[in-house]
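Here the structure comes first, spelled out in structure tokens, and everything after it is commentary.
Residue numbers (our numbering), protein chains in the order written: chain A, 25 to 384; chain B, 25 to 384.
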């Protein structure tokens, strides 16, 4: 199919908005949904029209592909509202491109920019009251695609549903977390699907994460499955290490997600003159740097929390604390403030990353 | 929860059976479903009652866990009908045990033997007309569990649905297949989920399999992701190699499914006095044995096809044909006939593997 294919967007508005029933001061992440959702079906080798309609349950046969063979991918994005009551997206076309990379690896159809980005903007225009202004407020956006053809045949689905749902969220500050470096469990394989946002990458993490939590660590730093020496991701985030005044993160690969937050932070760090080093970093280097007092910061980076600071890590039953660092000296805090400022339109977007959702 | 927990089984019968509309001579695998299905919901830390009701679509919120984070596991089983019109299951408690192993790794709840095995038998008793007698006929059974709690929070679901659907099937003989040995792509990681029947293990295979098919090979023989030298599975099946008169298969591990067909074949082979060797086998050994003319057979083993014979394999752009072998000299054919005979009740079940579904 052509990526420039035209589509009609039909809109069925909700009879009465649910927005007055929502306590926006006390939102639990990912549990409240806005009035509308976007739905688009793929059948007979092509995508149909984009439908925007009231958020609500849908009917599926119990034999659909996603329940059995797991064809399911998603993106995580956010919309922000500035002080002029305008709604903004952050690098939405990066999410669209990555969605299609995930789709290719999971043997799912490519979706065109019109249905993904313009569809999303049409949905956001309709639900713009659900995007609240002010520091830390955002509307979390969840585009996803699932295999919907019925039949328990172990093969790719011939029918798919693309859908976008929206959940109002406040950036939660959960404090710094303790992490455990994975010594046995893994999230990705060479030649596998680790770089995609496929559903199976997440389900496989829950059990090892629970085991870490039972030992008092909130998250796992994932290592390569072959040697368990290379530091790759933290929980569902990319991971950064500051040794001395150099910021180190693993290069993207088949095993590592090409995070939009990750690459935005790298660009911001460059613009601030911070030394960055995108290369493989191994556990021993971390231990050595810690012993020499040079390991200053570790943080995760992802859409949901932007930056999640780490206060220390466990490895081989020993816990290594990181030093206290003042906010004004912290790379994590500086980068987080810059990125969130760009996203919330309080800091000049010198990169051209933000995109306005025009009022219609 | 206790695995011996009692449950009520409620039955809602279909108004009119669909069976007369089914052409049992021309079934496409996995696309036709019997009149009834079993449904059981897990909520607030416990399983509810088992409901048996007409097969049909169900309603789900677009934010349920399985669509985003992939908590989904299944089993594949078959029911057979003998010449006395009795319905039989093959080692159903092995599937139940493996289901719970998958559930543990995917951070899903254990299900008790009563709900799984007795529930299945109650369903089969009701749909026993859907199990056709005669060589190659079976009712394919698909128990599965999915995370059903709504909310796009990257964590395990707190609600689940256990379901069994049934699809009449004829064992298809698709002829011998050509396979490609994986040199880049992988299906499993050390410390990963390869040994489970989770949905994500299947979705990840479709793209590499398509690439192999484009080169003329129907399936992929998967190798370990770290070195791509160890031969592990074939497509969605365990894999056996016959070198000389020894039957070799990889030991089960974190990366390899503990197949019920695999272990049944090993026991049958033992009983026939066939030399078996359960150990790691590497690509070079296969090439050496082929060069010496000692590589006689390769076959996959799984519930859907029992045994799938392989006529040759591609490795590093070269194709290696296996010798023609008469049925009476083929381990694959001998083992397949014995196993199918036990399953169809035409060969004495000296192992005690078959279990009758009592008429009620």
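Ideal placement from N, C-alpha and C gives every residue a C-beta, glycine not left out. Please read these numbers as outputs of a predicted model, since none were measured by experiment.
Where the beta strand (DSSP E) containing residue i begins and where it ends
{"i": "residue 166 (chain A)", "result": "161-171"}
{"i": "residue 296 (chain B)", "result": "No beta strand (DSSP E) holds residue 296 (chain B); DSSP gives it neither H nor E."}
{"i": "residue 60 (chain B)", "result": "60-67"}
{"i": "residue 204 (chain A)", "result": "201-205"}
{"i": "residue 243 (chain A)", "result": "243-247"}
Per-residue DSSP class, three states only, for residue i
{"i": "residue 371 (chain B)", "result": "coil"}
{"i": "residue 271 (chain A)", "result": "strand"}
{"i": "residue 110 (chain A)", "result": "coil"}
{"i": "residue 377 (chain A)", "result": "coil"}
{"i": "residue 27 (chain A)", "result": "With a pLDDT of 41 at residue 27 (chain A), under the threshold of 50, the modelled position of that residue is not reliable, and the figure given next carries that caveat. Coil at residue 27 (chain A), not helix or strand."}
{"i": "residue 123 (chain B)", "result": "helix"}
{"i": "residue 141 (chain B)", "result": "helix"}
{"i": "residue 332 (chain A)", "result": "strand"}
{"i": "residue 134 (chain B)", "result": "coil"}
{"i": "residue 347 (chain B)", "result": "coil"}
{"i": "residue 75 (chain A)", "result": "strand"}
{"i": "residue 57 (chain B)", "result": "coil"}
{"i": "residue 388 (chain A)", "result": "Past the edges of chain A, shown from 25 to 384, lies residue 388 (chain A), and the structure says nothing about it."}
{"i": "residue 287 (chain A)", "result": "helix"}
Any chain A beta carbon closer than 9 Å to residue i
{"i": "residue 64 (chain B)", "result": "no"}
{"i": "residue 125 (chain B)", "result": "no"}
{"i": "residue 68 (chain B)", "result": "no"}
{"i": "residue 55 (chain B)", "result": "yes"}
{"i": "residue 206 (chain B)", "result": "yes"}
{"i": "residue 140 (chain B)", "result": "no"}
{"i": "residue 15 (chain B)", "result": "Residue 15 (chain B) lies beyond the residue range present for chain B, which begins at 25 and ends at 384; the question has no answer from this structure."}
{"i": "residue 133 (chain B)", "result": "no"}
{"i": "residue 236 (chain B)", "result": "no"}
{"i": "residue 170 (chain B)", "result": "yes"}
{"i": "residue 378 (chain B)", "result": "no"}
{"i": "residue 371 (chain B)", "result": "no"}
{"i": "residue 260 (chain B)", "result": "yes"}
Top-ranked residue by Cα proximity to residue i, from the options
{"i": "residue 332 (chain A)", "options": "A:259, A:255, A:302", "result": "A:259"}
{"i": "residue 193 (chain B)", "options": "B:355, B:53, B:377", "result": "B:53"}
{"i": "residue 94 (chain B)", "options": "B:359, B:47, B:129", "result": "B:129"}
{"i": "residue 272 (chain B)", "options": "B:378, B:92, B:305, B:86", "result": "B:305"}
{"i": "residue 250 (chain B)", "options": "A:131, A:285, A:214, A:227", "result": "A:214"}
{"i": "residue 227 (chain B)", "options": "A:64, A:147, A:177, A:68", "result": "A:177"}
{"i": "residue 257 (chain A)", "options": "A:234, A:278, A:378", "result": "A:278"}
{"i": "residue 265 (chain B)", "options": "B:302, B:252, B:343", "result": "B:302"}
{"i": "residue 344 (chain B)", "options": "B:153, B:358, B:204, B:219", "result": "B:204"}
{"i": "residue 207 (chain B)", "options": "B:179, B:253, B:97", "result": "B:253"}
{"i": "residue 63 (chain A)", "options": "A:57, A:72, A:56, A:340", "result": "A:72"}
CB contact check: residue i to chain B, cutoff 9 Å
{"i": "residue 338 (chain A)", "result": "no"}
{"i": "residue 48 (chain A)", "result": "no"}
{"i": "residue 230 (chain A)", "result": "yes"}
{"i": "residue 26 (chain A)", "result": "Because residue 26 (chain A) carries a pLDDT of 38, less than 50, the predicted location of this residue cannot be relied on, and the following value inherits that uncertainty. Not one chain B Cβ lies under 9 Å of residue 26 (chain A)."}
{"i": "residue 95 (chain A)", "result": "yes"}
{"i": "residue 151 (chain A)", "result": "no"}
{"i": "residue 104 (chain A)", "result": "no"}
{"i": "residue 282 (chain A)", "result": "no"}
{"i": "residue 249 (chain A)", "result": "yes"}
{"i": "residue 414 (chain A)", "result": "This structure does not reach residue 414 (chain A), given that chain A is present from 25 up to 384, and the question cannot be answered."}
{"i": "residue 325 (chain A)", "result": "no"}
{"i": "residue 128 (chain A)", "result": "yes"}
Outcome for residue i when other beta-carbon atoms lying within 10 angstroms are tallied against a minimum of 16
{"i": "residue 117 (chain A)", "result": "exposed"}
{"i": "residue 386 (chain B)", "result": "Residue 386 (chain B) lies beyond the range of chain B shown here (25 to 384); nothing can be said about it."}
{"i": "residue 221 (chain A)", "result": "buried"}
{"i": "residue 296 (chain A)", "result": "exposed"}
{"i": "residue 166 (chain A)", "result": "buried"}
{"i": "residue 16 (chain A)", "result": "Past the boundaries of the shown model lies residue 16 (chain A); chain A is included only from 25 to 384, so the question cannot be answered."}
{"i": "residue 81 (chain B)", "result": "exposed"}
{"i": "residue 382 (chain A)", "result": "exposed"}
{"i": "residue 195 (chain B)", "result": "buried"}
{"i": "residue 133 (chain B)", "result": "buried"}
{"i": "residue 375 (chain B)", "result": "exposed"}
{"i": "residue 370 (chain B)", "result": "exposed"}
{"i": "residue 238 (chain B)", "result": "exposed"}
{"i": "residue 243 (chain A)", "result": "buried"}
Residue i - containing alpha helix (DSSP H), residue span
{"i": "residue 176 (chain A)", "result": "No alpha helix (DSSP H) holds residue 176 (chain A); DSSP gives it neither H nor E."}
{"i": "residue 308 (chain B)", "result": "307-315"}
{"i": "residue 228 (chain A)", "result": "224-238"}
{"i": "residue 91 (chain A)", "result": "89-92"}
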